[in-house]
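Accompanying notes for the structure given below.
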Amino acid sequence: MRQSSLVLVANRLPIDDSQAPDGACEWRRSPGGLVSALHPLLRHTPATWVGWAGGTGPAPTLPDVDGVRMHTVALSAEDLRDHYEGFANATLWPLYHDSVEQPEHHRRWWEAYQRVNQRFAEATAQVAEPGAVVWVQDYHLQLVPGQLRALRPDLRIGFFLHVPFPPPELFMQLPRRAELLRGMLGADLVGFQRAQAAHNFAQLVTRVLELPATDRRIGIDDRVVRIGAFPVSIDTAEMSALAARPDVAARARRLRQDLGDPRQVILSVDRMDYTKGIEQRLKAYSELLATGDVKVRDTVLVQVAMPSRERVGQYQILRERIEREVGRINGEFGRVGEPAIHYLTQPFDRAELAALYRVADVMAVTPLRDGMNLVAKEYVAARVDDDGALLLSEFAGTAAELSQAYLVNPHDLEGLKQGLRAALRASPDDVTQRMRAMRAHLQQHDIRAWARSYLRALDEGGTLVSRLSSTDGSPEDGARVPRPATPAGSPAAQQASG
Ligand code: ADP
Ligand code: F6P
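For the sequence shown, the UniProt record's numbering gives the first residue as 1, with consecutive numbering after it.
This is the structure we're talking about:
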C-alpha cells in the first residue's frame, strides 16, 4: 500500500458515482461546500483523500484526481441507511442547525456511526506514512480522530467541522454526547467556522467531560488539544477568472435573453435542504408579487435547488412542499412564456454556475442556519464588474465576513421582504461600494489562506504549508490559534489553563 505524508479524510470523495442521462455510470464532482473548498486546494499535492464514492457495495478503485490519490471506503446499504442518512443526517445535521427539524435518536444509528468511523480510521491508518499529517473533516466522522490516535499515535491529527457546532442546550440532547466529544479530542487541533462554536465546544467539554478547557486549549490525558475558528473559503481567483472568460460572459448575456430580458434577475443556488430557507424565501417573493412590489414582467427569480439526501424523509417532504409552492406561484403570477420562477434541480458545471452568478442582479442566500455558505462567496468572486447585490442571512457563517451584504433575518418574513426590496432598489453606487469591499475581503481570505492558517497551526514547524501552495496571502487574523505553552511534563490541567 502506497502511503502519503498528507491524508485528507472526508465522508465523500471529490467525485462520485452517478447515472448519466442515458443510464450509463459516470463520475462527476460531488455536491456540497466541503468538496468545493478542498478540491482546488489539494490539486497537484502529493496527498491521499480517504472517502466514500457515493454508492453501496464493494469499494471501486478510482484513478488519481488531479494528482491526488483516491482511497475509497465502502459503505453497505445498511451503513448508508444508518450512518449517513441516519446518525449523520437525521440526528446530527438537524441538531447542529438549531433543530430547525426534529433530530431523531436511534441506538442502531449510533452503532453504525461507530462502526463506519472505525472503518475510516483503519483505512486512514493504512495510507498514512509515519508521522504524517491527517486532516479529518466534518460531522460524519467525529469519532475518527480518537479512533485513529489509538491505532497510530505517531500521526499529527487535525479535525475541522464545516457545519455549526451547537450551544450546550442543544448538544446535551445527544444520548452519546460524551463519546462524540472524546472522539473529537483525539485531534491535536479542532477547527470550527466561528469563534462561538469553539466556545460552545469548550463549555461542553468542561460540563460533560469535566476537563480543563478554555476557548483555545483543552487538556486531556497528558496532551493539549488546541481549538479555534478558521472560516472556510473558496478559490476566489479561480472563480473570478472563470467569470471573466469571454465565453462565460457571452453565456450570461444569452441566459438573460432566454429569461426574457427582464430588468432584474434574482438568483438562489442551494442544495435542497431545510436549513437553506428556501420555503421562507419563496413565501417572501410570493407576497411581494401579490402586493405588486415585484412585477413578473420586470423581475424573474431563478431558483436552483439541487436535490440532496433524497431518501431521508424530511428531505422528501421538503422537496414536495417546495415544488407545490413553485407550481402555485407560477400558476398564480406567471404568464404564458413568463414564469415568475425558473426552477432548476440539475447539477451545473462550474462555467454554467459562473454564468448564472454573472446574470444575477440580486443573489438571495437566506439560510436559517449555515456553517459558512460558499455560494455567497462564489457570487461575490464572480462579480468581476463590482456590481450585484448580495442578500444574505445573518445566520450564515459568511455574514461575519461579508458584513457589507444586505443582511436579513430569514425567520422574519417582513424583514426578508424589506431586504429583498432594498436589494432590488439599491442605487448602483451603493451596490458597487458594498461589492468592492466584499471582493477585497475575499481576495485576501481565500481557500489557500484558510488552509495555511489551519495547517500552520496543526503542523508546527513542518513543511506542509509550503508544499500545499506557492501563492502568498495572509491568514485570517481572528482565525489564528496560538501555540500552546511547552508542555514540559506539566499536568494537563496546568497546560490548559490561561
Ligand atoms: P453546502 O455545503 O451546505 O451544500 P455551500 O453553499 O457551502 O452549501 O456549498 C454548496 C456548493 O455546491 C457550492 O460550491 C455550489 O457552487 C455547489 N452547488 C450548489 N448547487 C449546485 C448545482 N446545482 N450544480 C453544481 N454545483 C452546485
Ligand atoms: O458542508 C456540509 C456538507 O454536509 C458537507 O460535508 C457535504 O459534503 C455537503 O454538505 C453535501 O452533503 P452530502 O455529502 O450529504 O451530499
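Just so it is clear, CB atoms sit at the ideal spot from N, CA and C, and this is done for glycine as well.
Contact test: residue i Cβ vs the ligand ADP heavy atom, cutoff 8 Å
| i | result |
| --- | --- |
| V269 | yes |
| E378 | yes |
| N11 | no |
| A193 | Going by the sequence as given, residue 193 is Gln instead of Ala. No, since every heavy atom of the ligand ADP falls outside the 8 Å radius drawn around the Cβ of Q193. |
| residue 510 | As displayed, the chain neither begins before 1 nor continues past 498, which places residue 510 out of reach and without an answer. |
| V326 | no |
| G32 | yes |
| L8 | no |
| L344 | yes |
beta-carbon residue i near the ligand F6P non-hydrogen atom, thresh 8 Å
| i | result |
| --- | --- |
| R425 | no |
| N89 | yes |
| V163 | yes |
| V35 | yes |
| D138 | yes |
| R309 | yes |
| S233 | no |
| A93 | Contrary to the premise, residue 93 reads as Trp rather than Ala in this sequence. Checking every heavy atom of the ligand F6P against the Cβ of W93, one is found closer than 8 Å. |
| S371 | Going by the sequence as given, residue 371 is Gly instead of Ser. Yes - the ligand F6P has a heavy atom lying nearer than 8 Å to the Cβ of G371. |
| Y274 | no |
Per-residue burial, residue i [other beta carbons within 10 Å of its own, 16 or more giving buried]
| i | result |
| --- | --- |
| P410 | buried |
| L413 | exposed |
| L3 | Here residue 3 turns out to be Gln, not Leu, going by the sequence shown. Flag for Q3 reads exposed. |
| P475 | Interpretation of P475 is limited by its pLDDT of 29, a score under 50 that renders its predicted location unreliable; the figure taken from the coordinates is listed afterwards. So P475 counts as buried. |
| D370 | buried |
| Q102 | exposed |
| A360 | buried |
| G419 | buried |
| S71 | Going by the sequence as given, residue 71 is His instead of Ser. Flag for H71 reads buried. |
| R12 | buried |
| T61 | exposed |
| A90 | buried |
| E310 | exposed |
| D235 | buried |
| M172 | exposed |
| D221 | exposed |
| K295 | exposed |
Delimiting residues of the beta strand (DSSP E) encompassing residue i
| i | result |
| --- | --- |
| I227 | R223 to A229 |
| A315 | The sequence given here places Tyr at residue 315; Ala does not occur at that position. Y315 -> not in any beta strand (DSSP E); alpha helix (DSSP H) instead, spanning G313 to F333. |
| L368 | First-last for L368: undefined, no H or E at that position. |
| I447 | Note, I447: premise wrong, no beta strand (DSSP E); alpha helix (DSSP H) at I447 to L458. |
| S4 | S4 to R12 |
| F160 | R156 to F160 |
| Q102 | Premise fails: Q102 is in no beta strand (DSSP E) and is neither H nor E. |
| V163 | Unbroken run through V163: none, as it is neither H nor E. |
| R217 | R217 to I220 |
| Q303 | T299 to M306 |
| Y406 | Y406 to V408 |
| L397 | The residue you asked about is not Leu; residue 397 is Gly in the sequence shown. Here G397 belongs to no beta strand (DSSP E), and DSSP marks it neither H nor E. |
| Y343 | I341 to L344 |
Proximity winner among the options, relative to residue i (alpha-carbon distances)
| i | options | result |
| --- | --- | --- |
| V133 | I15, N117 and V9 | V9 |
| R223 | P307, D188 and H83 | D188 |
| N373 | I329, V7 and V35 | V35 |
| R452 | T61, L38 and K377 | L38 |
| Q404 | N200, R439 and Q316 | R439 |
| D293 | I234, V225, R421 and E401 | R421 |
| R107 | Q173, F87 and A382 | F87 |
| S427 | L458, N200, V362 and A400 | V362 |
| V408 | D429, D385 and L368 | L368 |
| V225 | V205, E238 and S233 | V205 |
| E401 | T366, A389 and A376 | A376 |
| A237 | P231, R245 and P130 | R245 |
| R115 | G191, L174 and Q142 | Q142 |
N- and C-terminal bounds of the alpha helix (DSSP H) containing residue i
| i | result |
| --- | --- |
| T291 | I278 to T291 |
| V384 | Run containing V384: none; DSSP gives neither H nor E here. |
| V35 | G33 to L42 |
| V127 | R107 to V127 |
| M435 | P428 to Q444 |
| F201 | A195 to L204 |
| D270 | Counting along the chain, D270 falls outside any alpha helix (DSSP H), though it belongs to the beta strand (DSSP E) covering Q264 to R271. |
| G146 | V144 to L151 |
| V336 | First-last for V336: undefined, no H or E at that position. |
Closer than 8 Å: residue i CB and nearest the ligand ZN heavy atom
| i | result |
| --- | --- |
| L289 | Absent from the structure shown: the ligand ZN. Ligands present: the ligand ADP and the ligand F6P. |
- Message: In chain order, what are the residue ranges of uninterrupted beta strand (DSSP E) at least 3 long that sit wholly in the stretch 48-96?
- Response: 48-52 and 69-72
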